[in-house]
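Structure below.
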C-alpha cells in the first residue's frame with residue numbers, strides 16, 4: 001500500500017483469482033480512511049477492473065465510553081454497469097463487508113484488554 005492520498009491500495013482474498021487495486025481518497029488519522037475501488041468487478045467475470053466503475057468505501061472510528069464505534073459506508077451503487085443489477089451489486093458487497101467486519105470483531109475480542 002502506498003499510504004498517502006492518491007496512493008494505491010491492494011486487496012487479496014483466499015477464494016478470489018486476483019488482487020484488487022484501489023486508490024486512497026482520504027486519510028484523517030486516526031478517525032477516517034476512505035478509498036475507491038472497482039468493487040463491481042469482484043465475483044463478476046464479465047467485468048474487468050479496467051471497465052468496472054468504482055465505489056467509495058469510507059471508514060470512520062469514533063470513541064465511545066464503551067469502546068470504539070467503527071462505521072463503514074460504501075457508496076456508488078446508484079448506476080451499476082450492465083449486466084449487474086444495482087441490488088445484486090449492493091447485496092454482494094454488503095455480504096463481503098459483513099464477513100470482514102465479523103472477522104475483525106472476532107480478532108479484537110480474542111485480544112487481551114490492557
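In full-length UniProt numbering, the protein residues as written are 1 to 114.
We treat Cβ as the ideally placed atom computed from N, Cα and C, and that holds for glycine.
Distance CB(residue i)-CB(residue j) smaller than 8 Å
i	j	result
residue 58	residue 73	yes
residue 76	residue 60	no
residue 23	residue 33	no
Simplified DSSP state of residue i, which is helix, strand or coil
i	result
residue 111	coil
residue 23	strand
residue 2	coil
residue 54	coil
residue 132	Any question about residue 132 goes unanswered here, given that the chain covers just 1 to 114.
residue 62	strand
residue 106	helix
residue 13	coil
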